[in-house]
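Heads up, the thing below is written out as structure tokens.
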Amino acid sequence: MPAAARHQTYDASHVFERLMVRAIGAGNDRAFASMIATRATGGGALPAWLGLELDSFRQLMGYHFPGVSPDVLTASDGGTPLALARHEERQDLIALLLAYRADISPSEIWMAQIVAAGCMANDHLWHDLGLWNRDELTALMQRNFPALAAGNVHDMKWKRFLYKQLCETAAVNVCRAPSCEVCIDYSLCFGVED
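Next comes the structure, spelled out in structure tokens:
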């Protein structure tokens, strides 16, 4: 592992541990701590404050990590701001996720907004969110949006799965193949995510 990557991993681990010491013990603590730690050390692809408004980010921090300053992230700790042209797309994703939320915790609303922001980036969703592996994303989806996650029966890549759900909701088919199994892009949707 290159020295820079080792340093970033150490820094992310340090921020993660600092957050988890103060975590309230809620289901989303680990996922949020991973995202914040990764973003604070320059990883992931989320915009400032994980794609939330500053007030919402402060509420998230106060709810999940009381006593930890929300200044762990600043306006400069973020990828490129969301292009205005993609605002409607992000809102559609948020609406989709919220329609399937577990309705157990207020953090599901923040999670829907953050996942939608992650979908605006170009890599695997778990990586864009700043999670440390795909299993974390799968657990996050099952916990926050269980009925939606249950629909991913063939383990489709999450970003592609969410967009496929949007297409089905709008009765739009962007795929040329009659079914996923015969599509030439099958490996792009269902292949291994590293």
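Taken in order, the sequence shown gives residues 264 to 457; the numbers are from our numbering. In this text, a Cβ means the ideal position worked out from N, Cα and C, and glycines have one as well. Just so it is clear, the structure is predicted and the values come from calculations on it, not from any experiment.
Tell me, please, whether the stretch 325 to 334 touches the stretch 279 to 295 by the rule of three or more beta-carbon pairs shorter than 8 Å.
-> yes
Quick one: using the 10 Å Cβ neighbour count with 16 as the cut-off for buried, is Arg302 buried or exposed?
-> Buried, since its Cβ has 16 or more Cβ neighbours within 10 Å.
Gln354 versus Asp318: straight-line alpha-carbon distance, rounded = 19 Å
Rank His387, Ala410 and Leu356 by C-alpha distance to the C-alpha of Trp373 and give the top, closest one.
-> Leu356
Quick one: is Asn385 buried, meaning 16 or more other Cβ sit within 10 Å of its Cβ, or exposed?
-> exposed
What did DSSP end up calling Asp366 once you bin it into helix, strand or coil?
-> DSSP places Asp366 in coil when its eight states are reduced to three.
May I have a chain-ordered list of the alpha helix (DSSP H) segments no shorter than 4 residues that lie completely inside the stretch 382 to 419?
-> If we require 4 residues or more, the alpha helix (DSSP H) runs fully inside the stretch 382 to 419 come out as 388 to 392, 397 to 407 and 409 to 413.
Could you check if Val416 is buried or exposed, using at least 16 other CB atoms within 10 Å of its CB as the buried criterion?
-> exposed
Under the rule that 16 or more other beta-carbon atoms within 10 Å means buried, what is Glu371, buried or exposed?
-> buried
Cβ separation of Gly307 and Met298, assumed to be a contact under 8 Å, to the nearest whole Å = 7 Å
Coarse secondary structure for Phe328, derived from DSSP in three states | coil
Rounded distance between the beta-carbons of Gly393 and Leu309, thought under 8 Å | 6 Å
Note down, in chain order, each residue of its chain lying with its Cβ closer than 6 Å to the Cβ of Arg406, except the 5 sequence neighbours on either side.
-> Beyond the five residues adjoining it in sequence on each side, Arg406 comes within less than 6 Å, by CB distance, of Gly290 in the same chain, given in chain order.
Which stretch, first to last residue, makes up the alpha helix (DSSP H) that contains Arg293?
-> Arg293 -> alpha helix (DSSP H) spans Asp292 to Ala303.
Just the Cα atoms here: how many angstroms apart are Leu429 and Thr304?
-> Answer to the nearest angstrom: the Cα atoms are 32 Å apart.
Which term fits Arg349, buried or exposed, when burial requires 16 or more other beta carbons within 10 angstroms of its beta carbon?
-> exposed
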